[in-house]
DNA sequence: TTCATCTCTATGTCTAAACTTATTTTGGCG
DNA sequence: CGCCAAAATAAGTTTAGACATAGAGATGAA
């Protein structure tokens, strides 16, 4: 093992990864079992197990009881995205954060959002439209529905003072979230709020979060044109 | 612990998550240390450790030596995306997969791509443009650069027969990948290849992969209008 | 042959105990 | 009072050993 690393398990991860990348172990090959690797690396089997589980999670290895561990043939590419908090993202870029609530009222749920939130169409929820600015330039517009059934107290909050996101995140941890990325041509309203021309391509993030009481909130975020979301693996 | 679950660690994960969601433990609170929880749940400390590490990875807990474990105040939202293999995605949708190579030649690297691949501008790489179809409708267009320096043998491959993605994935596992999502208005060429009108909003995925020899490939994928990429957490 | 059942094996999980290490707290010293 | 060193603490890691369990392969009956 040429790798030096903080932990033995990490060293094994690196070494196994190297063997795969260097094609000593090829796609589809069965690799030695945990007990053998434990002897080879001079560690306990539990340590090998931990390392191989990490690599399996990463998608490089396929592990099955009795069948052993194989190098994945067609590794599906996984990537972890971190959805930053708007305020933090803007402030990290050295700009001044501000936001403006365009509308806040109770409205009946449209069908599309109702489906996403698994709530009956027409149910009255809090509907919020907000623009977030970095300096004096619009950064993103959000169109949010909040379910007071799962987030009691939401009716009484003044979302001019605290952003809906921050209030929700602080008060209603969620169990599960659905997310979807897509691209849309800016509508007249999007364009006006983002101060861009109608039709420009916008990255859209649609996110719905749930706790044990049901859907907490569903939000559609439209980023300013040119915005790029980064992920690594 | 009301949760029944396959493993003790998973049961602890569920129970701790419940306590957080039910606000028995609030954002910022310090939770009992591993030893105490081990006693409470009647398991070994290593089992509690495993459970809490999972929750920390998920972003619900902050752990620091000596300082203890706290409920994260502003959990940054993480999501795991799986980038499917085009062929599999199309075939799963019950459509027939096909692809057409529009161009395959050696060309000097433009500056933008060179920066992404950490290669000198002007270096000659293999440049490939491909359209992937589901049935008779274009599904995505890819514009790919392949570095034979990190992927030897690429010059000799006929990418009409096997897609570049499949050939690369089968032969050159990577160590690291950069990914970026954005939205662009379809250029005249994009529009023609995707059989849509110029200017329609396209979801763009830009991905560059590296092995120990450097950048293997950098690809820009433009999805057909309306395409949505899903993630859950 | 084909199907059901048994056996065996490699991974999955857990434990108790020890040691390591980052970080906070404390307490002494100037 | 401020600074630094020492002590204490909670998480991080590893180990040897044990038992659980999925599932591939062997065996045998119909």
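Residue numbers (the working numbering), protein chains in the order written: chain L, 10 to 242; chain B, 10 to 242. Just so it is clear, CB atoms sit at the ideal spot from N, CA and C, and this is done for glycine as well. Since the model is a prediction, treat every value here as computed from it, not as a measurement.
For residue 12(L), is the classification buried or exposed, using 16 other Cβ atoms within 10 angstroms of its Cβ as the cut-off for buried?
Confidence in residue 12(L) is poor, its pLDDT being 43 and thus under 50, which makes the residue's placement unreliable; the coordinate value appears in the next sentence. The residue in question, residue 12(L), is exposed, as its Cβ has fewer than 16 Cβ neighbours within 10 Å.
When burial is assigned at 16 or more other CB atoms within 10 Å of the CB, is residue 225(B) buried or exposed?
buried
Which residue marks the beginning of the beta strand (DSSP E) containing residue 95(L), and which one marks its end?
In the DSSP annotation of this structure, residue 95(L) is not part of any beta strand (DSSP E); the continuous alpha helix (DSSP H) holding it starts and ends at 95-101.
Residue 239(L) at chain B interface by Cβ criterion, 7 angstroms:
yes
Could you tell me which uninterrupted alpha helix (DSSP H) segments, each at least 4 residues in length, are contained entirely in the segment 106-143 of chain L, listed from first to last along the chain?
120-126
If you draw a straight line from the alpha carbon of residue 10(B) to that of residue 23(B), how long is it in whole angstroms?
Here residue 10(B) scores only 41 on pLDDT, less than 50, and its place in the model should not be relied on; the value that follows carries that caveat. Each residue's alpha carbon lies about 9 angstroms from the other.
Within-7 angstroms CB hit, residue 10(L) to chain B:
With a pLDDT of 41 at residue 10(L), under the threshold of 50, the modelled position of this residue cannot be trusted; read the value that follows with caution. With 7 angstroms as the cut-off, residue 10(L) does not count as an interface residue toward chain B.
Cβ pair residue 110(B), residue 149(B) closer than 7 angstroms:
no
According to DSSP, simplified to helix, strand and coil, what is residue 13(B)?
Summary for residue 13(B): the model assigns pLDDT 44, below 50, so the residue's position carries little reliability, and this model does not support an answer.
Throw me the rounded Cβ distance for the residue 173(B) and residue 153(B) pair, which I believe falls under 8 angstroms.
6 angstroms
Express the C-alpha separation of residue 53(B) and residue 155(B) in angstroms, rounding to a whole number.
The alpha-carbon atoms of residue 155(B) and residue 53(B) are separated by roughly 51 angstroms.
At the 7 angstroms Cβ level, is residue 137(L) part of the contact set with chain B, yes or no?
It does not: the Cβ of residue 137(L) has no partner Cβ on chain B nearer than 7 angstroms.
I want to see whether chain L comes within less than 7 angstroms of residue 149(B), judged by CB atoms only; does it?
no
Let's see if you can read the secondary structure: which residues bound the alpha helix (DSSP H) around residue 55(L)?
Run containing residue 55(L): 54-67, per the alpha helix (DSSP H) assignment.
Could you check if residue 218(L) is buried or exposed, using at least 16 other CB atoms within 10 Å of its CB as the buried criterion?
Per the 10 Å Cβ criterion, buried.
So residue 38(B) is in the beta strand (DSSP E); what residue range does that whole segment cover?
Here residue 38(B) belongs to no beta strand (DSSP E), and DSSP marks it neither H nor E.
May I ask you to list the residues that DSSP assigns as paired with residue 191(L)?
213(L)
Mind listing the chain L neighbours of residue 90(B)? Cutoff is C-beta to C-beta under 9 angstroms, in chain order.
86, 87, 88, 89, 90, 188, 190, 240
Answer with yes or no whether the minimum CB distance from residue 36(L) to chain B is below 7 angstroms.
Contact with chain B is found for residue 36(L), since one of that chain's Cβ atoms lies less than 7 angstroms from the residue's Cβ.
Where the alpha helix (DSSP H) containing residue 175(L) begins and where it ends
173-180
Tell me where the alpha helix (DSSP H) around residue 204(L) begins and ends.
No alpha helix (DSSP H) holds residue 204(L); DSSP gives it neither H nor E.
Which listed residue (18(L), 16(L), 102(L), 28(L)) has its alpha carbon closest to that of residue 184(B)
Nearest C-alpha to residue 184(B): 28(L).
Taking the beta carbon of residue 182(B) as the centre, do at least 16 other beta carbons fall within 10 Å, making it buried, or is it exposed?
Counting Cβ neighbours within 10 Å, residue 182(B) comes out buried, since at least 16 surround it.
Could one say the Cβ of residue 156(L) lies closer than 7 angstroms to chain B's Cβ atoms, at least one of them?
no
Under the three-state DSSP convention, the category residue 33(L) falls into
coil
Whole-number beta carbon distance between residue 79(L) and residue 131(L), since they are thought to touch under 8 angstroms:
That belief does not hold up - the Cβ atoms of residue 131(L) and residue 79(L) are roughly 52 angstroms apart, past 8 angstroms.
Starting from residue 26(L), find everything on chain B with Cβ-Cβ shorter than 8 angstroms and list it in chain order.
184
Does any CB atom of chain B fall closer than 7 angstroms to the CB of residue 29(L)?
yes
Alpha-carbon to alpha-carbon, residue 41(B) and residue 194(L):
50 angstroms
Opening and closing residue of the alpha helix (DSSP H) in which residue 43(B) lies
43-50
List, in chain order, every chain B residue whose beta-carbon is nearer than 8 angstroms to that of residue 114(L).
In chain order: nothing, as chain B lies at least about 26 angstroms away.
Proximity winner among 214(B), 120(B), 229(B), 147(B), relative to residue 204(B) (alpha-carbon distances)
147(B)
Report the rounded CA-to-CA distance for residue 231(B) versus residue 70(B), giving the unit in angstroms.
37 angstroms
For residue 160(L), decide whether its Cβ has a neighbour in chain B, counting only Cβ atoms nearer than 7 angstroms.
no
Give me the chain B residues within the contact set of residue 208(L), using Cβ-Cβ distance strictly less than 7 angstroms, ordered along the chain.
208
Taking the alpha carbon of residue 76(L) as the reference point, which residue from 83(L), 177(L), 39(L), 165(L) has its own alpha carbon closest?
39(L)
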